[in-house]
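Asks:
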Amino acid sequence: MAHSTTTPQPPSMHAAAPRSDDSPPQDRLLAVAAGRDVPSEVHEQVLAETPVLEIDRFNLWYGSKQALHGITMPIPNNQVTALIGPSGCGKSTLLRSVNRLNDLVQNVRITGDMRLNGDSIYDPRMDVIELRKRMGMVFQKPNPFPMSIYENVVYALRIDGESNRGVLDEVCELSLRGAALWDEVKDRLHESALGLSGGQQQRLCIARAIAAEPEVLLLDEPCSALDPIATGKVEDLIQELRGRYSVLMVTHNMQQASRTSDYTAFMYLGRLIEYGPTTDIFTKPMLRETEAYVTGRFG
Amino acid sequence: MHSRATFTGRERRRKTDPWVHAGDVLARGLITIGGIGTIVAVLAVGFFLFAVAAPLFQTARIRPTRVTPLVHAVERPACLGADESGLVAWVFDPTEGGRVRILSVADGTPLGERSAVDCGLANVTAIRLLPSGLHAACGFADGSLHTGRLGLESSFVSESDLPPGLASMRPGDVRAAGESIFLRNQGGQFASVEFVAEFPGEPSRPLSTPIIDIDLALLGDGPLVAALDAEGRVRLESVSSRRNLLTDEIVISTSGATIEPTSDFATRPRFVRISELGDQLFLIAATGTASRHSIRSVEDPEWMESFDVAPGTGEVAAVERMYGGNAFAFADSTGTIRIFFATRGGTAPAADGLAMVAAKTFPAVGGAVTALSASPRSRLLAVAEASGGVRLVQTTTGNTVIETDRRQLLAGPARQVLIAPRENTLLAGNGSSLAAWEFNPGYPDVSLRSLFGRVWYENYSDPVHAWETTGHESFEPKFGLVPLIFGTIKATIYSMLFATPIALLAAIYSSQFLHPRWKARIKPTIEMMASLPSVVLGFVAGLVFAPIIEQAVMQVITGIYAVPLTLVAAAHLWQLLPPGLRSRLGGWRFAAIGLIALPAGLALSRLAAPWLEQVLFQGDIATWLDGRGGSGLGGWVLALLPLAGLSAVMIVNRVITPWLRRRSGGWSHQQTTLASLATFLVGVAVAVALAFAAAMFLDALRLDTRGGLFGTYIQRNALIVAIGMSFAIIPLVFTIADDALSSVPDHLRSASLGAGATPWQTAVRVIVPAAASGLFSAVMIGLGRAVGETMIVLMAAGNTPLMNWNLFNGFQTLSAAIATELPEAARGSAHYRVLFLSALVLFAMTFVVNTVAEIVRQRFRRRAHDL
Ligand SMILES: Nc1ncnc2c1ncn2[C@@H]1O[C@H](COP(=O)(O)OP(=O)(O)O)[C@@H](O)[C@H]1O
Ligand SMILES: [Mg+2]
Numbered sequence: 115m116a117h118s119t120t121t122p123q124p125p126s127m128h129a130a131a132p133r134s135d136d137s138p139p140q141d142r143l144l145a146v147a148a149g150r151d152v153p154s155e156v157h158e159q160v161l162a163e164t165p166v167l168e169i170d171r172f173n174l175w176y177g178s179k180q181a182l183h184g185i186t187m188p189i190p191n192n193q194v195t196a197l198i199g200p201s202g203c204g205k206s207t208l209l210r211s212v213n214r215l216n217d218l219v220q221n222v223r224i225t226g227d228m229r230l231n232g233d234s235i236y237d238p239r240m241d242v243i244e245l246r247k248r249m250g251m252v253f254q255k256p257n258p259f260p261m262s263i264y265e266n267v268v269y270a271l272r273i274d275g276e277s278n279r280g281v282l283d284e285v286c287e288l289s290l291r292g293a294a295l296w297d298e299v300k301d302r303l304h305e306s307a308l309g310l311s312g313g314q315q316q317r318l319c320i321a322r323a324i325a326a327e328p329e330v331l332l333l334d335e336p337c338s339a340l341d342p343i344a345t346g347k348v349e350d351l352i353q354e355l356r357g358r359y360s361v362l363m364v365t366h367n368m369q370q371a372s373r374t375s376d377y378t379a380f381m382y383l384g385r386l387i388e389y390g391p392t393t394d395i396f397t398k399p400m401l402r403e404t405e406a407y408v409t410g411r412f413g
Numbered sequence: 110m111h112s113r114a115t116f117t118g119r120e121r122r123r124k125t126d127p128w129v130h131a132g133d134v135l136a137r138g139l140i141t142i143g144g145i146g147t148i149v150a151v152l153a154v155g156f157f158l159f160a161v162a163a164p165l166f167q168t169a170r171i172r173p174t175r176v177t178p179l180v181h182a183v184e185r186p187a188c189l190g191a192d193e194s195g196l197v198a199w200v201f202d203p204t205e206g207g208r209v210r211i212l213s214v215a216d217g218t219p220l221g222e223r224s225a226v227d228c229g230l231a232n233v234t235a236i237r238l239l240p241s242g243l244h245a246a247c248g249f250a251d252g253s254l255h256t257g258r259l260g261l262e263s264s265f266v267s268e269s270d271l272p273p274g275l276a277s278m279r280p281g282d283v284r285a286a287g288e289s290i291f292l293r294n295q296g297g298q299f300a301s302v303e304f305v306a307e308f309p310g311e312p313s314r315p316l317s318t319p320i321i322d323i324d325l326a327l328l329g330d331g332p333l334v335a336a337l338d339a340e341g342r343v344r345l346e347s348v349s350s351r352r353n354l355l356t357d358e359i360v361i362s363t364s365g366a367t368i369e370p371t372s373d374f375a376t377r378p379r380f381v382r383i384s385e386l387g388d389q390l391f392l393i394a395a396t397g398t399a400s401r402h403s404i405r406s407v408e409d410p411e412w413m414e415s416f417d418v419a420p421g422t423g424e425v426a427a428v429e430r431m432y433g434g435n436a437f438a439f440a441d442s443t444g445t446i447r448i449f450f451a452t453r454g455g456t457a458p459a460a461d462g463l464a465m466v467a468a469k470t471f472p473a474v475g476g477a478v479t480a481l482s483a484s485p486r487s488r489l490l491a492v493a494e495a496s497g498g499v500r501l502v503q504t505t506t507g508n509t510v511i512e513t514d515r516r517q518l519l520a521g522p523a524r525q526v527l528i529a530p531r532e533n534t535l536l537a538g539n540g541s542s543l544a545a546w547e548f549n550p551g552y553p554d555v556s557l558r559s560l561f562g563r564v565w566y567e568n569y570s571d572p573v574h575a576w577e578t579t580g581h582e583s584f585e586p587k588f589g590l591v592p593l594i595f596g597t598i599k600a601t602i603y604s605m606l607f608a609t610p611i612a613l614l615a616a617i618y619s620s621q622f623l624h625p626r627w628k629a630r631i632k633p634t635i636e637m638m639a640s641l642p643s644v645v646l647g648f649v650a651g652l653v654f655a656p657i658i659e660q661a662v663m664q665v666i667t668g669i670y671a672v673p674l675t676l677v678a679a680a681h682l683w684q685l686l687p688p689g690l691r692s693r694l695g696g697w698r699f700a701a702i703g704l705i706a707l708p709a710g711l712a713l714s715r716l717a718a719p720w721l722e723q724v725l726f727q728g729d730i731a732t733w734l735d736g737r738g739g740s741g742l743g744g745w746v747l748a749l750l751p752l753a754g755l756s757a758v759m760i761v762n763r764v765i766t767p768w769l770r771r772r773s774g775g776w777s778h779q780q781t782t783l784a785s786l787a788t789f790l791v792g793v794a795v796a797v798a799l800a801f802a803a804a805m806f807l808d809a810l811r812l813d814t815r816g817g818l819f820g821t822y823i824q825r826n827a828l829i830v831a832i833g834m835s836f837a838i839i840p841l842v843f844t845i846a847d848d849a850l851s852s853v854p855d856h857l858r859s860a861s862l863g864a865g866a867t868p869w870q871t872a873v874r875v876i877v878p879a880a881a882s883g884l885f886s887a888v889m890i891g892l893g894r895a896v897g898e899t900m901i902v903l904m905a906a907g908n909t910p911l912m913n914w915n916l917f918n919g920f921q922t923l924s925a926a927i928a929t930e931l932p933e934a935a936r937g938s939a940h941y942r943v944l945f946l947s948a949l950v951l952f953a954m955t956f957v958v959n960t961v962a963e964i965v966r967q968r969f970r971r972r973a974h975d976l
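Below you can see the structure in the form of C-alpha cells.
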C-alpha cells in the first residue's frame, strides 16, 4: 500500500544536527519540527498566473499521522512547477492527492479541497475515474504495463473504448515522438514494453501519460531511476512540454528544478515553506531556510 | 590495526567463521540430496509401476517339445484328458473293445490301463468331457446316452501318507504305486491321482442309431445332454436328481425332446452343441450350415435361425465351445477359425431378438484344422493343423499367443489337442504318438490393442471400449483402459469448467475489490476449505447433494445462470446508490452481496425454474432428458447460453458502448450508471435471443443435445462430481490465483488507475495479464488435483465405466478403479497388473499436465519477469 520510496527521516535530524559553523537559519524549520504553524511565503508572480489547479488549505492524515498541513498553492497553467524538499516531506502525497490515488490507501482522511479548472476534486459527486482521465501521472519507478509498446501508449484510448486503428496509430506516433522515443522503438512497436531499457521505459510512461491529453501532468521524481543520458532526454522533453501542458513535477535534483521549471515550491515536513518563480527561489529566496536547502547546506 | 579509529568502536572480523562455511556446505549438500532424492523417488514410483505392469506384454513362452511314441499304437484316440497338474494324461483307445490308457506326460511311461467295459464305456461312440469337475456324457453305438464322471481325479496327500520311497520324488515326478499314481507337482506338493469312471444308473436310450456327437451342460438341477445320431436326429435330455427328504432317496427324473432332421440341412448335421447356460442348441452340418434353437423349455425346442459357419469351400472340421460357454469356435478344412456368438439387435434378429455373428476370424496358417480345444480356464483355444503345428489363440483379443515349432512334429497332424487345467501343459496326440509342451501363456487377454483399442467382446453387437473386471467365474474380463481415461478426462473437464471461473473471478474480486477487512476473514476461511478431507467432500456430494439435486435439477441449472446474473445486476444497482451512502457503506459491499444478492439469485432461480422448465422442456426435464418427447430446443439453449453470453458481451462492446460514449458527454454519474445497467439488461436480452435463435436453427437441423451433452439423469453424475470437486479445487486455485494477483506490483495498479481506468478495467487489462503465469499455475495445479482426485469421484460418480459426455450420467476414473479394485485383485493376475498399468497411465497423465504447465509457465514468466 505504502507508496514511500524514500526513507522518512525523523525531523530532528535536520533540525538539530547543524553541519557547519555558519549554521543555516532554521527558525521556521525548527518551528515546523516543533509542530507549530508557520505561514507559507508565496511570491506575487505566482498569484498573478492563471491557475490550472488550486490547492486550498489541504490537510491529509495517514491514520493519525498528519502528512500534509494546510497546503495552499495555485499551480499555474501551461507552466512547469517543481516541488522540492527533503525526503518524506509529503511531495508524493501531495501529487497523489491531486488525482485522488490516495483514495486507495487505507485510513486516509483529508480536509480542504483542490480544484481542477474550477471543478472541486474532492466533491463527493465528482467521478474519480473521470477526474483521473483529465490528468496524467508518471511515477518514480518506470511502470510500463506487461503488453506491447503500442498498447502501452494507447492504453488510455483503449480503456475509453477507442478501437479505430487510424486514430490509435496516430496518437501512438505523436505521443512517442513527443516523448522522444519514436525513433528508438518505431520498428518494434508490437514487442513487449518490458524489453526496453529503464530510460526508454520512463519515456514510454511519459508518452502514455501525454497520449491521454491531460489537463495536468504529474511527474513524481521521473528521473530518479535514470542514468544521466536518459535524464537529459527526459529533461529536454519537459522543456518541450512547457507551454503546452501544465506540469507539476517532484524532484530531488536542484539543477533539474532550476533547469526545467518555471516555478518552484519548497516543502518541509508536510508544509509549504516558500513558493515562487524558479529563478527567485534559487537566486534570491525570501527565506534563508530556502536558500540553505537549495544550496545544499542541509537536506 | 591497534589505533585505527572506527565508527562503532569495534572491529569487524574479516575471516568467515569455519562453522559458517560448514553450514553452507551442509545446506548445499542437503538441498542436493533432497532434490536428487525427490527425482529418484518419483522415478522409482514410475519404475515400480512399470515393473509390475510390464509382464503383461511379455510374449508367451513354450518349452521344448517332448514327443512320446505311444507304447500301444493307438489308431485314433477319441478322447484325451489330463490331471490337474498336467503331469498325467489319459487317452481312450476305442480299438479292441476299447481301453483307457494312463501315462506320464513327461516320458510316456504307462501308469495304468482300464478296459472300456470296466469303465462303462463299451461301444462308446461319442464322449464329451466338461473341463471342470470331471463331468462327462457318453453316447453309444446303440443310440443310448449316459452321464457321469470320467477322468483323472487328484487329491493332495501329505508327505507322511505317501507310500515308502516316494517322498524322494522331485517336482514333476510321477510314480505308479500299486493301484494308485503319485506325483509331486511343480509347486512341490504331493498328490495322488486316480482314474474315475462312474456312470450311475442305467443309460437312457432315446435314439436307435449310433450317436455321432454329444454335448453336455451342467445346470443347477442336473446335466443337460444333447446327442446327435447318425440319422440326424437330435435328442435333448435334461436329467434332474432330487433328494427325497423323507426317504433320503435320490429321485432321478428326465425330461426332453427329440428334434427330427429338418429340410434345413442339405446334408445331415455333423455336430451338436449347447450353450453353457443350456438355453441354446446348435446343429452344424459339415457343409457349414448351422441352425440355432432356443431350448429354454427343454420339452419344446424352437428353431431360431440358420447361419453359415464356414462360408466358401471349406468343410467344418471342428467345433468347440469356448470357456464361458457363450462363444463357439468353428474351424474348417481351409484352416480358417471363426468365433461366433449371439448378439442382441443385429440387422436381422431372430424371434428371440438375438443373432449369431462371426465376431472374429483367424485366418489359416498351417492348412486344415484337425482339432480344437478350449482352455478350461480362459479364452485360449488350442488349434491343431494339418501341417502338424499346434497354436494357441486368444479369442477375446484375437491374438495368436503361441505357435509350436513346426519341425518338431508328430508323425502327421494331431487328432486331439488339450490344454491342461492349469494352462501349463499342451497335449496333442494322433494315432502313433502323444506330444507334450510345457508353456506359459503370460497374459494373453491383454495386449496394447485390447487395452487402448476397441474389442469385440462376447455377446456385444460391436467392438467397444469396455472396462469390466468382475463378474461370475467364467465371464470375459474386459480390460479396456479407454473408458477409465475418458472418465478421468470427463471428471477433469466438467470439474474445471465449473470450478475455474468461480475460483478465478473470486480471486480477482478478493485481490482487487474486496475490502481488506473482509478479505482478512474470507481468505483464511476459503483456505481452510482446502483442507477438508476429500472423502468428506465425496460423501457430502454423493450422499447429500446427489439426492437433493436429483429433486431440483431445473433449479440447479437455472441457478448456474441466474446467480451470476443477479450478482452483476446487484453491482449495477449498488452504483445507483447515492454517492455519500455508497462511500459510507463501502466496507459492507461484500456483505451486501453475500446476504442480499446471493439469496436473491437463489430465490430467482427457484421462481424461474418451473417457468423455464415449461418453456424449454415441456414441463418436465426428467422426461425430456430421457428422450421421451420434446424438441431439442431447450438443451441447445442451455448449452449455447455461455457462448451467446460471450457474443453478447462482444456485440455490446463493439456497438452499444461506443454509441453510448459518443452520447454520454455531459452525463452525471447517476445517468451513466443507469445507462450501463440498461446496457447490461440489453446484453442479457441479446444473449438470450442469440441462444434461442441458434437453438432453433440447430433444432431445425434435427440436431439434439440429448445423446451428447445431455441425456438420462442418473443420480450420481458429472454435475455432482463437478460440484463436489469444486470444493476441493476452488480453494486451491483461489488461493494461488489470489496470491498471484495480489503480488502484482502496486505501481502497475496505480499507473492504470492514474490513467483513468476503472478498477475492473485495471484488473482485466493490467493485473490479470501481469499475473498470467501465476493464474496459469493456479489452474494447472487445480487440473492436477482434478486428474488425480480419487475419493470424490469414487463416491459421487457412480463408478460405471461409461463413455459419453452426458453431464447427467456417471463415469469411472482411473483413480477410482484403482482404489476400488486393487484390494480385490489377485496379486500377479492380469487384473492386478492392468490396474498397475492404469496407475502408470494416470502417472503419465499428471506428469504431462504438470510438465506442460511448467513449460507454459516459464514462457509466461520470461515474458513478465521484469515487471
Ligand atoms: N501509504 C502511507 N501510509 C502511511 N504513511 C505514509 C504513506 N505514504 C507516505 N506516508 C508518510 O507520509 C510522509 C510523506 O511521504 P511522501 O509523500 O512519500 O514523501 P516524499 O515523496 O516527499 O518523500 C512520510 O512521512 C511517509 O512516511
Ligand atoms: Mg516521494
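Taken in order, these protein sequences are the chains called A and B.
For the record, in the first sequence the residue sitting at position 22 is 136 according to this note's numbering, with numbers rising by one throughout.
For the record, in the second sequence the residue sitting at position 780 is 889 according to this note's numbering, with numbers rising by one throughout.
Note that beta-carbon positions come from the ideal geometry of N, C-alpha and C, so glycine has one too.
Is it buried or exposed for residue 612 (chain B), if we count other Cβ within 10 angstroms and need 16 for buried?
Replies: It is buried - the Cβ of residue 612 (chain B) has at least 16 other Cβ atoms within 10 Å.
Asks: Does any C-beta atom of chain B lie closer than 8 Å to the C-beta of residue 127 (chain A)?
Replies: With a pLDDT of only 36 at residue 127 (chain A), under 50, the local geometry of the prediction cannot be trusted, and the value read off the model is given with reservation. Not an interface residue.
Asks: Can you look up residue 574 (chain B) in the DSSP assignment and give me helix, strand or coil?
Replies: In this structure, residue 574 (chain B) counts as coil in the three-state DSSP scheme.
Asks: I'd like to know if the stretch 438-448 of chain B and the stretch 465-484 of chain B are in contact, where contact means that at least 3 CB-CB pairs between them fall below 8 Å.
Replies: With a cut-off of 8 Å, the stretch 465-484 of chain B and the stretch 438-448 of chain B count as touching, because enough Cβ pairs lie within range.
Asks: Roughly how many angstroms lie between the CA atoms of residue 736 (chain B) and residue 655 (chain B), to the nearest whole one?
Replies: So the alpha carbons of these two residues sit roughly 21 Å apart.
Asks: Just checking residue 202 (chain A) against ligand 1 - is the residue's beta carbon closer than 7 Å to any of the ligand's heavy atoms?
Replies: Yes.
Asks: What number of angstroms, rounded off, separates the C-alpha of residue 164 (chain B) from the C-alpha of residue 934 (chain B)?
Replies: Rounded to whole angstroms, residue 164 (chain B) to residue 934 (chain B) spans 16 Å at the Cα level.
Asks: How many angstroms separate the CA atom of residue 175 (chain A) from the CA atom of residue 222 (chain A)?
Replies: Taking the straight line from one Cα to the other gives about 6 Å.
Asks: Please report the straight-line C-alpha distance between residue 707 (chain B) and residue 699 (chain B), rounded to a whole angstrom.
Replies: For residue 707 (chain B) and residue 699 (chain B), the distance between alpha carbons rounds to 11 Å.
Asks: At 4 residues or longer, what runs of the alpha helix (DSSP H) sit wholly inside the stretch 192-237 of chain A?
Replies: DSSP runs (the alpha helix (DSSP H)) wholly in the stretch 192-237 of chain A: 205-212.
Asks: Under 8 Å between the Cβ atoms of residue 195 (chain A) and residue 326 (chain A)?
Replies: For residue 195 (chain A) and residue 326 (chain A), no; Cβs fall outside 8 Å.
Asks: Answer yes or no: does any C-beta atom of chain B fall closer than 8 Å to that of residue 390 (chain A)?
Replies: Cβ-Cβ to chain B under 8 Å: no for residue 390 (chain A).
Asks: Output the residue ranges of the beta strand (DSSP E) runs that lie fully inside the stretch 357-402 of chain B and measure 3 residues or longer, sorted by chain position.
Replies: Qualifying beta strand (DSSP E) stretches, in chain order: 359-368, 378-383 and 389-394.
Asks: Determine, using beta-carbon pairs with one atom in the stretch 788-802 of chain B and one in the stretch 744-753 of chain B, whether at least three such pairs fall under 8 Å.
Replies: Enough Cβ pairs lie closer than 8 Å, so yes.
Asks: Using a Cβ-Cβ distance under 8 Å, would residue 316 (chain A) count as near chain B?
Replies: Not closer than 8 Å to any Cβ of chain B, the Cβ of residue 316 (chain A) fails to qualify, so no.
Asks: So, is residue 353 (chain B) buried or exposed, given that buried needs 16 or more other C-beta atoms within 10 angstroms?
Replies: Counting Cβ neighbours within 10 Å, residue 353 (chain B) comes out exposed, since fewer than 16 surround it.
Asks: Rounded to a whole number of angstroms, what is the C-alpha to C-alpha distance between residue 871 (chain B) and residue 862 (chain B)?
Replies: In a straight line, the C-alpha of residue 871 (chain B) is about 7 Å away from that of residue 862 (chain B).
Asks: Answer with yes or no whether the minimum CB distance from residue 857 (chain B) to chain A is below 8 Å.
Replies: Interface residue, yes.
Asks: Where does the unbroken alpha helix (DSSP H) through residue 112 (chain A) begin, and where does it stop?
Replies: The question about residue 112 (chain A) has no answer, for chain A in this structure spans 115 to 413.
Asks: Taking 7 Å as the limit between beta carbons, can you name the residues of its chain near residue 370 (chain A), skipping five residues before and five after?
Replies: Closer than 7 Å at the Cβ level, and outside the excluded window around residue 370 (chain A), lie 337 and 349.
Asks: In chain B, what lies closer than 9 Å to residue 255 (chain A) by C-beta?
Replies: Correct list: 854 and 856.
Asks: Buried or exposed, going by whether 16 or more other CB atoms sit within 10 Å of the CB of residue 357 (chain B)?
Replies: Residue 357 (chain B) should be labelled exposed.
Asks: Taking 8 Å as the CB-CB cut-off, is residue 320 (chain A) touching chain B?
Replies: So no, residue 320 (chain A) is outside the interface.
Asks: Mind checking whether residue 154 (chain A) and residue 343 (chain A) have CB atoms under 8 Å apart?
Replies: The answer is no: Cβ separation not under 8 Å.
Asks: Span of the beta strand (DSSP E) holding residue 252 (chain A)?
Replies: 249-252 is the extent of the beta strand (DSSP E) around residue 252 (chain A).
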